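Below is one structure, written out as structure tokens; the observations come after it.
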Amino acid sequence: MAWHNINLCAAGFSMLTTNSDLLSWSEKAIGNVVIRNRYVLTGHGTGMVLGGQAGNQLIDYYAERAKGGVGLIMLGTQQVHSSSPGLGHLLTNYNDSIIPSLRAIAGAVHAHGGKLFGYIGHFGAQANSFPRPPWSASAFYDEERGTFCRSMTIADMEEIATAHADAALRNIESGMDGIEVHCGHGLLLHQFLSPWTNKREDDYGGDTIRRLRFPQEVLRAVRRRIGPGIPLGVRISGIETVVGGLELDEMRIVAAGLVEAGALDYLDVSIGNDRDPVSRMLHH
């Protein structure tokens, strides 16, 4: 896997002209996709999603950033399954009804020369507890949210792996240039990776290699579905910043395991776990 520079970009930026900035404005290939520069708008919530779909405001939001010169845009997280409910500010990629929204955003970004990656994930314990308990790696009581989470069964995990793969394919069929899978910030796949939330005693819990197993299965499913030629990456938290969570040395093992499983083209390295209020502030 080649190393890729990621430059965070806010709502706008000034054109840079010094020699030291030439690299930032040079083309960069990720897999078979050539990006016009090194500026990336990473995945984030916008508050502009309407009932899980994209309205004109969201489409214009991404179009303006491409028009302003951003090379690569990541969409905000798309929820891949109905067991991750209640987050109305996010795109809902449970079925083909999302395709017109994705096509509209892709067309708007491509019209201004930008590239667009779909960004998919499941919130696990962070999902709304109504009408059913959130799913997670292990059963526990979430004190911050006041909810009980239930431990996922093997059948649940198979269903969620398939849901990620289906959501990824919908993105590609809608004109996206690549896919990013959310494995950080305390979302479901991170909940499996982290010893803080994964207390399982089967083949999916325990040491680092076993905690890696389910996220690896998800990435393999995604790669099989989209094929070898589509750029695929993951967002991870380089450190978890919570007591008993993932530290840098273990994350090196995790990162290598994820890269191998998904034949990944890049890593998007962030920090923290949203289930902890202090940690959440570090990456926002």
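Just so you know, we're using this note's numbering here: the sequence shown kicks off at 14 and counts up by one.
Every residue, glycine too, gets a C-beta built ideally from N, C-alpha and C.
What you are looking at is a predicted structure, and each value in this text was computed from that prediction instead of being measured.
- Scanning its chain for C-beta atoms nearer than 7 Å, with the 5 sequence neighbours on each side dropped, one finds around I43 the residues H17, G191, P244, D278 and Y279, in chain order.
- Q92 has T105 and G134 as its beta-bridge partners, per DSSP.
- Between T59 and the set N45, V53, F136 and Y75, the nearest pair of CA atoms involves Y75.
- The continuous beta strand (DSSP E) containing E193 extends over residues G191 to H195.
- Scanning K128, F227, P146 and L259 for the CA closest to the CA of H198 turns up L259.
- If the five residues before and after R223 are omitted, its C-beta is found closer than 7 Å to the C-beta atoms of D216 and Y217, all from its own chain and listed in chain order.
- For M170, the enclosing alpha helix (DSSP H) covers residues I167 to E186.
- Residue burial annotation: G270 is buried, with at least 16 other C-beta atoms found within 10 angstroms of its C-beta.
- Within its own chain, the residues whose Cβ lies closer than 8 Å to the Cβ of H125, once the five positions on either side in sequence are excluded, are A76, A79 and K80, listed in chain order.
- Closest in C-alpha terms to M264, from the list G275, A276 and S250, comes S250.
- Closest option to V46, judged by alpha-carbon separation, among G127, A181 and T210: G127.
- Contact between the stretch 84-91 and the stretch 151-168 is not established, with fewer than three Cβ pairs separated by less than 8 Å.
- One Cα belongs to L261, the other to I284, and the distance between them is close to 10 Å.
- S149 has its alpha-carbon roughly 17 Å from the corresponding atom of V194.
- The beta carbon of F205 lies closer than 7 Å to those of A150, N211, Y217, R224, F227 and P228 in the same chain, with the five residues before and after it left out.
- Contact between F130 and M170 does not hold, since their C-beta atoms are separated by about 25 Å, which reaches or exceeds 8 Å.
- In the assembly as shown, T254 is a buried residue. Its beta-carbon has 16 or more other beta-carbons within 10 Å.
- Judged by their CB atoms, S207 and A140 are not nearer to each other than the 8 Å cut-off.
- Sequence-distant Cβ neighbours of R236 in its own chain, meaning closer than 7 Å and more than five residues away, are L245, G275 and A276.
- DSSP lists F130 as the bridge partner or partners of M87.
- Under the three-state reduction of DSSP, H123 is assigned to helix.
- Annotated as distal: S39 and Y52, with beta-carbon spacing of 8 Å or more.
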